[in-house]
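Protein chains: 2
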Amino acid sequence: MTRTATLEDVAQKAHVSKMTVSRVINHPELVAPELQVVVEDAMRKLNYHPNNAARALAKNQTSVVKFVILEDIDHMDPYYTNILFGMATELKKKNYSLQLLLKGSQIEQGPADGFVITGTRVDDYPMLNALKEPFILFGENRGGYDFVDTDNLGGETMATEYALKQGYRNLVFIGLDVKEAFEFSREAGYVNAMQQNKKIPSVNRVKNSTTAARAFMQEHLSEYPKNTCFICGSDRIATGVIQALVEEEKDIPGDYGVIGFDGILLDKVSSPKITTVKQDLWKIGETLAQLILRKINQNGAPQGEMFIKPTLSKAESTK
Amino acid sequence: MTRTATLEDVAQKAHVSKMTVSRVINHPELVAPELQVVVEDAMRKLNYHPNNAARALAKNQTSVVKFVILEDIDHMDPYYTNILFGMATELKKKNYSLQLLLKGSQIEQGPADGFVITGTRVDDYPMLNALKEPFILFGENRGGYDFVDTDNLGGETMATEYALKQGYRNLVFIGLDVKEAFEFSREAGYVNAMQQNKKIPSVNRVKNSTTAARAFMQEHLSEYPKNTCFICGSDRIATGVIQALVEEEKDIPGDYGVIGFDGILLDKVSSPKITTVKQDLWKIGETLAQLILRKINQNGAPQGEMFIKPTLSKAESTK
DNA sequence: GCTGGCCCTGTTATCGGTAACAAGCAAAAA
DNA sequence: TTTTTGCTTGTTACCGATAACAGGGCCAGC
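In order, the protein sequence lines correspond to chains D and L.
Throughout the first sequence, residue numbering follows full-length UniProt numbering, covering 1 to 319 in sequence.
Throughout the second sequence, residue numbering follows full-length UniProt numbering, covering 1 to 319 in sequence.
What follows is the structure, given as structure tokens:
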């Protein structure tokens with residue numbers, strides 16, 4: 001039975017006190033360089049790893065960050081895997097672990113050092129204000145809370161400009177029918193790019209479902225001449241748009257282009273495959289973790305807003 | 001500054017020793033009933049919640065379960081959100097938290113009380129055997145390891161029988177081109193049901209991608225008469241099959257039926273929407289958590305195999 | 001009436017760290 | 001030379017729980 005090495009063991013091997021070893025780990029600047037070397041050597045030889053429970057107890061922390069989804073989970077399903085793993089990877093570096101919560105569960109219940117929260121709406125602000133622990137939101141918001149999100153505006157600008165560059169003359173925006181900051185930003189990205197290029201924007205909104213998007217297209221397709229590109233607020237919508245175009249045997253990408261937003265899975269199973277603004281969910285997760293960890297460390301100091309650049313994933317639905 | 005209540009506080013309020021309070025929590029059968037009442041009352045009044053770090057330290061545990069994905073993450077992306085949240089919900093009841101790991105990372109690194117592992121292949125068995133902590137696999141395996149999985153066999157049997165009941169005369173299986181237990185089970189489910197009904201099975205295998213499935217169909221569609229139902233090994237394949245049928249302007253579900261497997265997201269964005277064998281991922285997650293917790297508790301005692309019943313989600317791709 | 005055992009509760013030591021304070025010692029200041 | 005200062009390291013107490021052992025009360029059996 002091999003016990004894992006403790007501070008004590010390292011201390012003995014290095015002929016110093018436990019405290020010195022602890023300092024080498026947490027405040028190396030307080031330790032003489034030559035001792036540092038000796039101690040680090042001993043740690044390595046004993047394959048020392050700090051006991052997280054002991055540290056947490058002594059520092060009165062929990063080593064736990066809670067990840068909370070406030071919206072209906074079904075909706076965003078595939079999103080989260082990458083965010084979660086990106087976060088977890090970053091958290092583990094500091095020996096933190098995760099607890100996952102859904103809307104229903106009492107957030108306050110059980111302690112944590114910090115929260116990462118997604119799907120917040122304005123009605124959730126009171127709850128946020130009541131939170132004692134530091135938190136970071138995933139998702140743009142106008143409430144002044146620290147957040148991380150995809151650069152929705154820049155992403156949609158990029159999409160719009162790409163469509164233009166590929167030679168489409170008419171650019172139509174089909175966004176989501178929700179009053180959320182991310183949607184406004186995507187619209188703004190499209191509108192800005194259009195104005196920049198002296199074109200008249202056309203903004204439409206539908207429910208975020210393939211069926212709704214398809215229905216919209218069935219109704220309006222006749223209004224759109226050849227050489228139109230549909231800039232869509234999500235891949236779901238883009239999928240519906242493509243289905244409608246295929247149904248009518250339109251030429252994609254020749255006469256009609258389609259660009260989606262998200263790049264999670266749908267873009268790859270569609271036929272033709274969708275050109276889309278791909279979010280870097282992993283990076284978003286990493287960033288969320290870094291911010292909440294830093295915020296915890298800085299005793300709740302504000303961390304500001306952080307936009308993660310998406311990339312344009314070019315596929316078969318555009319020239 | 002309100003400190004959270006500790007055992008000590010509860011003990012004082014209840015006029016007993018810390019130890020008695022601890023016993024009420026962990027071994028109530030050792031405490032006189034009338035004292036239990038008093039202590040529980042005190043706990044409630046002080047809103048006492050045990051300090052997990054302290055407990056973990058004293059019991060020489062970590063309160064952490066690691067969730068490991070050994071395969072390429074892109075592949076199964078949308079799967080995991082529900083499993084993870086199902087697990088987390090169950091784990092939190094015992095104050096456990098999660099760490100998430102991918103293939104690349106050293107599993108051994110950093111301690112945990114147990115593991116839940118997914119995506120294992122035969123080459124991973126040596127690594128599993130070397131693991132000192134208890135673990136449960138997600139996914140059928142023939143290595144004798146404890147696991148939880150969807151009842152793939154039963155699910156595909158159900159799908160096949162449903163197609164028959166709906167009046168399709170020809171049932172064709174299009175499975176995944178992988179040598180994995182789950183795939184063999186789905187095939188077996190189809191084959192069994194066919195034999196049961198005195199029909200000759202037709203098993204085909206393609207790469208698990210819409211494109212591959214579509215290509216397969218383009219090549220073979222002429223071989224299949226009207227009134228054929230395609231029993232597919234995944235929704236991805238079903239999506240490709242549907243695309244090919246739509247392309248050829250076949251009548252779905254009139255002349256051709258399609259049934260998928262998974263029910264994660266693709267079934268709902270396809271047009272027509274896919275009838276599919278829907279896995280209960282949340283339940284799988286819960287079960288994984290329960291088993292690993294019990295296994296930890298029982299010092300690694302084997303927990304056996306656990307199959308979670310899927311449901312048939314009926315949609316537009318079948319009569 | 002005395003002893004042994006059962007049932008219940010308290011005491012003590014310990015888990016593996018960290019903060020706060022004490023102390024040693026050399027260089028700098030008086 | 002003596003005092004002060006600063007840098008470095010060690011000592012002590014404590015974080016909040018649990019395990020193992022100790023002890024007191026009560027009843028049964030001799």
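Every residue gets a Cβ at the ideal spot worked out from N, C-alpha and C, and that includes glycine.
Residue i, buried or exposed, once every other Cβ within 10 Å from all chains shown has been counted against 16
i                      : result
Asp123 of chain L      : exposed
Arg44 of chain D       : exposed
Ala56 of chain L       : buried
Arg214 of chain D      : buried
Ala238 of chain D      : buried
Pro310 of chain L      : buried
Met1 of chain L        : Low local confidence applies: a pLDDT of 43 at Met1 of chain L is under 50, so the model's placement there is unreliable, and no value is given.
residue 402 of chain L : The shown model of chain L, from 1 to 319, leaves out residue 402 of chain L, and the question about it has no answer.
Glu187 of chain D      : buried
Asn127 of chain L      : What sits at residue 127 of chain L in the sequence shown is Met, not Asn. Under this definition Met127 of chain L is an exposed residue.
Arg100 of chain L      : Looking at the sequence shown, residue 100 of chain L is not Arg but Leu. Buried, because 16 or more other Cβ atoms sit within 10 Å of the Cβ of Leu100 of chain L.
Gln106 of chain D      : exposed
Gly155 of chain L      : buried
Met158 of chain L      : buried
Met194 of chain L      : buried
Pro28 of chain D       : exposed
Asp251 of chain D      : exposed
Candidates the options, of which the one nearest residue i by Cα
i                 : options                                : result
Lys13 of chain D  : D:Val24, D:Ala42, D:Lys319             : D:Ala42
Leu84 of chain L  : D:Glu140, D:Glu90, D:Leu98             : D:Leu98
Gly175 of chain L : L:Glu183, L:Thr210, L:Val38            : L:Glu183
Val16 of chain D  : D:Leu30, D:Asn26, D:Glu29, D:Val38     : D:Val38
Asn204 of chain D : D:Phe216, D:Lys198, D:Pro225, D:Gln196 : D:Phe216
Ile165 of chain L : L:Asp149, L:Val241, L:Asn197           : Before going on, a small fix: residue 165 of chain L reads as Lys here, not Ile. Nearest option by C-alpha distance: L:Asn197.
Tyr190 of chain D : D:Val10, D:Asn129, D:Leu7, D:Val277    : D:Val277
Glu223 of chain L : L:Ser202, L:Asp235, L:Ser209           : L:Ser202
Gly285 of chain L : L:Asn26, L:Leu35, L:Ala88, L:Ile25     : L:Ala88
Val64 of chain L  : D:Tyr80, D:Asn95, D:His49, D:Asp146    : D:Asn95
Gly119 of chain L : L:Phe67, L:Arg294, L:Thr157            : L:Phe67
Arg121 of chain L : L:Glu140, L:Lys283, L:Ala130, L:Leu131 : L:Glu140
Asn208 of chain L : L:Asn227, L:Phe261, L:Glu305           : L:Phe261
Leu291 of chain L : L:Lys226, L:Ile25, L:Ile136, L:Asp151  : L:Ile136
Glu8 of chain L   : L:Asn26, L:Ala32, L:Leu46, L:Glu34     : L:Leu46
Asp72 of chain D  : L:Thr81, L:Asp72, L:Ile25, L:Ile73     : L:Thr81
Leu221 of chain D : D:Asn170, D:Leu153, D:Asn52            : D:Asn170
C-beta atoms of residue i and residue j nearer than 8 Å
i                 : j                 : result
Ile138 of chain L : Val172 of chain L : Note on residue identity: the sequence assigns Phe, not Ile, to residue 138 of chain L. No.
Lys92 of chain D  : Ile69 of chain D  : no
Thr62 of chain D  : Pro134 of chain D : no
Thr318 of chain L : Ile259 of chain L : yes
Gly257 of chain D : Cys229 of chain D : yes
Ala5 of chain D   : Val21 of chain D  : no
Ser313 of chain D : Thr287 of chain D : no
Lys273 of chain L : Ala244 of chain L : no
Val269 of chain L : Leu266 of chain D : yes
Cutoff 8 Å: residue i Cβ touching any chain D Cβ
i                 : result
Ile117 of chain L : no
Phe85 of chain L  : yes
Asp77 of chain L  : yes
Thr6 of chain L   : no
Asn95 of chain L  : yes
Lys92 of chain L  : yes
Phe53 of chain L  : Before going on, a small fix: residue 53 of chain L reads as Ala here, not Phe. So, interface residue.
Gly233 of chain L : no
Ala163 of chain L : no
Gln243 of chain L : yes
Lys130 of chain L : One point to set straight first is that residue 130 of chain L is Ala, not Lys, in the sequence displayed. Chain D, which has no Cβ nearer than 8 Å to the Cβ of Ala130 of chain L, makes this no.
Closer than 8 Å to chain L by CB, residue i
i                 : result
Met1 of chain D   : Note that Met1 of chain D scores a pLDDT of 44, beneath 50, so its modelled location is shaky and nothing firm can be said.
His49 of chain D  : yes
Asn197 of chain D : no
Thr210 of chain D : yes
Ala26 of chain D  : Residue 26 of chain D is actually Asn in this sequence, not Ala. It does not: the Cβ of Asn26 of chain D has no partner Cβ on chain L nearer than 8 Å.
Asn297 of chain D : no
Val269 of chain D : yes
Arg236 of chain D : yes
Alpha helix (DSSP H) segments (min. 4 residues) lying fully within the stretch 253-277 of chain L: 266-269
Ordered list of alpha helix (DSSP H) runs contained in the stretch 212-260 of chain D, each at least 4 residues: 235-247
Entirely within the stretch 37-103 of chain L and at least 3 residues each: give me those beta strand (DSSP E) ranges in chain order. 64-69, 97-102
Entirely within the stretch 172-200 of chain L and at least 4 residues each: give me those alpha helix (DSSP H) ranges in chain order. 181-196
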